[in-house]
Amino acid sequence: MNVRDLAVSAARRLRWARQWLVLATAVGLWQLWAESRKSAFFPPPSAIGSRMHQLWFSGPASHLFLTSNATGNILPSLERILLGLGIVIVVGVPLGIALGRSPAVTAFLDPLLQFGRSIPVVTAAPVFIALFKIGTQMEVATIVAGTIWPLLLNTIDGAASVDPVQIQTARAFRLSGWQRLTTVILPSAMPKIFAGLRLALSVSLILMVFSELIGSSNGIGYEMTNASNAFDLPTLWAVLVLLGILGYVLNAILYGIENVALAWHRGARQHTS
Amino acid sequence: MLEVTDLTRAYGTAGSAHLALKDVSLRVADGELVSIVGPSGCGKSTLLRCVAGLLPPTSGQVVLNGTPVTRVPGRLGVVFQDYSRSLYPWLSVRDNVALPLRRTMRGRPARRQAAAASLAAVGLTDAGHRYPWQLSGGMQQRVAIARALACDPVLLLMDEPFGSVDAQTREDLEDLILRVRAERGITILLVTHDIDESVYVGDRVIVLTPGPGQIRADLAAPLPQPRDQITTKELPEFVHLRSEVSRLVRGKPLAPSDDTPAPSDDTPARAAAPAKPGAS
Numbered sequence: 001m002n003v004r005d006l007a008v009s010a011a012r013r014l015r016w017a018r019q020w021l022v023l024a025t026a027v028g029l030w031q032l033w034a035e036s037r038k039s040a041f042f043p044p045p046s047a048i049g050s051r052m053h054q055l056w057f058s059g060p061a062s063h064l065f066l067t068s069n070a071t072g073n074i075l076p077s078l079e080r081i082l083l084g085l086g087i088v089i090v091v092g093v094p095l096g097i098a099l100g101r102s103p104a105v106t107a108f109l110d111p112l113l114q115f116g117r118s119i120p121v122v123t124a125a126p127v128f129i130a131l132f133k134i135g136t137q138m139e140v141a142t143i144v145a146g147t148i149w150p151l152l153l154n155t156i157d158g159a160a161s162v163d164p165v166q167i168q169t170a171r172a173f174r175l176s177g178w179q180r181l182t183t184v185i186l187p188s189a190m191p192k193i194f195a196g197l198r199l200a201l202s203v204s205l206i207l208m209v210f211s212e213l214i215g216s217s218n219g220i221g222y223e224m225t226n227a228s229n230a231f232d233l234p235t236l237w238a239v240l241v242l243l244g245i246l247g248y249v250l251n252a253i254l255y256g257i258e259n260v261a262l263a264w265h266r267g268a269r270q271h272t273s
Numbered sequence: 274m275l276e277v278t279d280l281t282r283a284y285g286t287a288g289s290a291h292l293a294l295k296d297v298s299l300r301v302a303d304g305e306l307v308s309i310v311g312p313s314g315c316g317k318s319t320l321l322r323c324v325a326g327l328l329p330p331t332s333g334q335v336v337l338n339g340t341p342v343t344r345v346p347g348r349l350g351v352v353f354q355d356y357s358r359s360l361y362p363w364l365s366v367r368d369n370v371a372l373p374l375r376r377t378m379r380g381r382p383a384r385r386q387a388a389a390a391s392l393a394a395v396g397l398t399d400a401g402h403r404y405p406w407q408l409s410g411g412m413q414q415r416v417a418i419a420r421a422l423a424c425d426p427v428l429l430l431m432d433e434p435f436g437s438v439d440a441q442t443r444e445d446l447e448d449l450i451l452r453v454r455a456e457r458g459i460t461i462l463l464v465t466h467d468i469d470e471s472v473y474v475g476d477r478v479i480v481l482t483p484g485p486g487q488i489r490a491d492l493a494a495p496l497p498q499p500r501d502q503i504t505t506k507e508l509p510e511f512v513h514l515r516s517e518v519s520r521l522v523r524g525k526p527l528a529p530s531d532d533t534p535a536p537s538d539d540t541p542a543r544a545a546a547p548a549k550p551g552a553s
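First to last, the protein sequences are chains A and B.
Sequential numbering from 1 applies to the first sequence in my numbering.
Sequential numbering from 274 applies to the second sequence in my numbering.
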């Protein structure tokens with residue numbers, strides 16, 4: 001490690017510390033304020049924290065300290081998100097690549113695509129309740145219906161905007177259609193696919209909670225409905241914080257995958273700018 | 274032997290068609306290096322794409338070693354102008370060079386070995402594990418050349434290959450091409466807009482006129498081999514030939530006989546020739 005690397009890593013650590021310091025200060029101020037107000041609507045962070053602990057993380061060590069409430073509500077919700085995103089990736093990426101490489105078909109279907117993505121999917125949820133069984137089926141359907149659009153449209157864009165020189169080079173070297181797809185089109189579209197995936201992830205979290213609020217017998221949203229009905233504000237707040245943490249962690253995981261898969265992209269951009 | 278016969282290529286639909294090439298015919302012997310030079314918009318790149326089988330001609334045909342070219346022929350190497358776009362940024366240098374071998378060579382280790390040999394041939398032995406964007410422009414173009422050489426081509430097509438590198442690097446790359454040609458006897462078609470370059474590397478220089486592209490002149494460049502960036506360019510034959518090509522490119526008339534000048538007996542008669550009365 002040379003001096004420059006040391007300086008860079010020191011700067012990174014400083015930035016990291018500063019970010020957490022901001023968060024810690026905000027929580028501290030909230031604590032002081034809430035304690036002084038003693039409001040039933042705004043419990044102090046310490047109360048929220050202990051409620052989270054009591055609800056989800058006070059289980060036996062053999063279950064990684066997860067309570068039955070946690071395994072019964074958090075895990076099903078995560079499962080729905082992952083299942084929904086999985087379906088969206090398996091359907092959206094191949095479809096998006098196919099459409100992106102056939103501009104005539106895309107131009108033909110464009111009104112349909114624009115119409116589809118303009119429908120606020122939360123309003124379609126009652127339709128899904130009628131169509132599917134209440135529970136995982138209906139919730140995954142809602143997540144898929146809402147998250148397919150950002151991924152599909154981004155993939156179409158990525159596949160359509162592959163540099164023609166890159167395609168021509170592949171043809172000049174007589175790569176087969178499949179080889180062109182896997183070694184040129186897919187990698188080239190990957191940055192846009194990941195952009196779509198990030199959007200899809202944040203949307204999926206919202207739709208997961210929403211669909212559980214309206215029709216579910218377990219899950220994080222279901223727990224929220226219960227707490228709301230019982231005017232149990234500490235639990236409501238605990239769920240909110242949990243959702244924030246989940247969103248943060250899922251995003252960080254996706255970011256980590258992207259960092260590895262698109263290392264070339266960041267590198268190339270830094271070198272040309 | 275590469276034979277191009279009455280090649281015409283139009284773009285656009287019948288009503289608003291734009292002729293890029295019109296009745297272009299040329300023959301290139303095996304192992305010959307032919308420069309194609311002309312002002313921008315003269316259809317140089319279109320000609321190369323037709324020869325490469327990437328673009329079907331509107332009429333006329335391209336025949337390579339007795340076989341009509343209807344799609345990209347085997348053992349063809351192509352170097353595109355813009356290396357920063359034709360090299361794949363997500364592949365390492367080695368994998369970029371190994372790419373054309375996907376079709377012909379089984380097994381990744383074998384391909385990587387062939388790629389390493391090809392990289393060594395262009396003087397990039399140690400760059401295989403790096404990414405194209407980590408290299409300088411000149412080195413990237415070397416990678417593109419190594420990639421074109423990897424499939425052991427009989428015909429190498431180069432589309433303004435050195436347009437975006439600095440002068441010194443450009444001269445090095447020109448000499449690299451001459452060396453590769455001498456070592457392997459590859460037939461090379463090199464498109465350029467640089468007149469010095471066309472004369473320096475070519476056995477023949479073909480001058481195209483713009484819109485539609487037609488062959489204006491086909492000049493032999495009988496300069497001694499091996500060529501040298503300094504001494505070759507000092508030769509009166511070189512100076513003479515480059516002036517002649519320059520005039521042709523600019524569309525000025527020259528000495529009565531249009532092709533194959535005799536560079537042995539030169540200056541006075543030649544110098545007088547272009548200033549023909551009534552020309553301008």
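Note that CB positions come from ideal geometry on N, CA and C, so glycine has one too.
Since the model is a prediction, treat every value here as computed from it, not as a measurement.
Would you identify the three-state DSSP class for residue i, choosing helix, strand or coil?
{"i": "M52 of chain A", "result": "helix"}
{"i": "I459 of chain B", "result": "coil"}
{"i": "P405 of chain B", "result": "helix"}
{"i": "H466 of chain B", "result": "coil"}
{"i": "S318 of chain B", "result": "helix"}
{"i": "R500 of chain B", "result": "coil"}
{"i": "M412 of chain B", "result": "helix"}
{"i": "R269 of chain A", "result": "helix"}
{"i": "T398 of chain B", "result": "coil"}
{"i": "Y356 of chain B", "result": "helix"}
{"i": "D448 of chain B", "result": "helix"}
{"i": "G285 of chain B", "result": "coil"}
{"i": "E276 of chain B", "result": "strand"}
Do residue j and residue i count as a contact pair if the criterion is CB distance below 7 Å?
{"i": "T147 of chain A", "j": "V203 of chain A", "result": "yes"}
{"i": "S357 of chain B", "j": "V165 of chain A", "result": "no"}
{"i": "G116 of chain A", "j": "L151 of chain A", "result": "no"}
{"i": "L294 of chain B", "j": "L280 of chain B", "result": "yes"}
{"i": "L514 of chain B", "j": "V474 of chain B", "result": "no"}
{"i": "L364 of chain B", "j": "R454 of chain B", "result": "no"}
{"i": "V351 of chain B", "j": "A325 of chain B", "result": "yes"}
{"i": "V395 of chain B", "j": "A423 of chain B", "result": "no"}
{"i": "I245 of chain A", "j": "A159 of chain A", "result": "no"}
{"i": "A400 of chain B", "j": "V366 of chain B", "result": "yes"}
{"i": "R348 of chain B", "j": "V427 of chain B", "result": "yes"}
With a threshold of 7 Å between beta carbons, is residue i in contact with chain B?
{"i": "F65 of chain A", "result": "no"}
{"i": "A263 of chain A", "result": "no"}
{"i": "T169 of chain A", "result": "yes"}
{"i": "D163 of chain A", "result": "yes"}
{"i": "Q179 of chain A", "result": "yes"}
Closer than 7 Å, CB to CB, is residue i near chain A or not?
{"i": "P373 of chain B", "result": "yes"}
{"i": "V351 of chain B", "result": "yes"}
{"i": "R282 of chain B", "result": "no"}
{"i": "G285 of chain B", "result": "no"}
{"i": "S519 of chain B", "result": "no"}
{"i": "R500 of chain B", "result": "no"}
{"i": "P426 of chain B", "result": "no"}
{"i": "D531 of chain B", "result": "For D531 of chain B, the predicted model reports a pLDDT of 46, less than 50, meaning its position is unreliable; a value from the coordinates is still stated below. Chain A contact via Cβ: absent."}
{"i": "S359 of chain B", "result": "yes"}
{"i": "A325 of chain B", "result": "yes"}
{"i": "R376 of chain B", "result": "yes"}
{"i": "P497 of chain B", "result": "no"}
{"i": "V478 of chain B", "result": "no"}
By the DSSP assignment, the beta strand (DSSP E) with residue i in it spans what residues?
{"i": "T482 of chain B", "result": "R477 to T482"}
Residue i lies in the alpha helix (DSSP H); which residues open and close that run?
{"i": "M208 of chain A", "result": "L186 to I214"}
{"i": "T155 of chain A", "result": "T136 to A160"}
{"i": "R384 of chain B", "result": "R381 to A394"}
{"i": "E517 of chain B", "result": "P509 to R523"}
{"i": "Y222 of chain A", "result": "I220 to N229"}
{"i": "Q258 of chain A", "result": "Here residue 258 of chain A turns out to be Glu, not Gln, going by the sequence shown. Run containing E258 of chain A: L233 to A261, per the alpha helix (DSSP H) assignment."}
{"i": "I97 of chain A", "result": "S68 to G100"}
{"i": "D432 of chain B", "result": "D432 of chain B -> not in any alpha helix (DSSP H); beta strand (DSSP E) instead, spanning L428 to D432."}
{"i": "D491 of chain B", "result": "Premise fails: D491 of chain B lies in the beta strand (DSSP E), Q487 to A493, not in any alpha helix (DSSP H)."}
{"i": "R15 of chain A", "result": "V3 to R37"}
Report yes or no: do the region 485-492 of chain B and the region 308-317 of chain B share at least 3 C-beta pairs separated by less than 8 Å? With the cut-off at 8 Å, the region 485-492 of chain B and the region 308-317 of chain B touch.
Taking one C-beta from the region 56-72 of chain A and one from the region 123-136 of chain A each time, how about it: are there three or more such pairs within less than 8 Å?
-> No contact exists between the region 56-72 of chain A and the region 123-136 of chain A.
field: Sufficient close CB pairs (3 or more, under 8 Å) joining the region 316-336 of chain B to the region 256-263 of chain A
entry: No, because fewer than three Cβ pairs between the region 316-336 of chain B and the region 256-263 of chain A fall closer than 8 Å, the two stretches do not touch.
Validate contact between the region 130-144 of chain A and the region 331-339 of chain B using beta carbons, cut 8 Å, 3 pairs:
Between the region 130-144 of chain A and the region 331-339 of chain B there are fewer than three C-beta pairs closer than 8 Å, too few to call the two in contact.
- Item | Validate contact between the region 199-219 of chain A and the region 43-56 of chain A using beta carbons, cut 8 Å, 3 pairs | When Cβ pairs closer than 8 Å are counted between the two stretches, the region 199-219 of chain A is seen not to touch the region 43-56 of chain A, the count staying below three.
_Would the region 404-411 of chain B count as touching the region 373-385 of chain B if we require 3 or more Cβ pairs under 8 Å?_
Contact fails: fewer than three Cβ-Cβ distances are below 8 Å.
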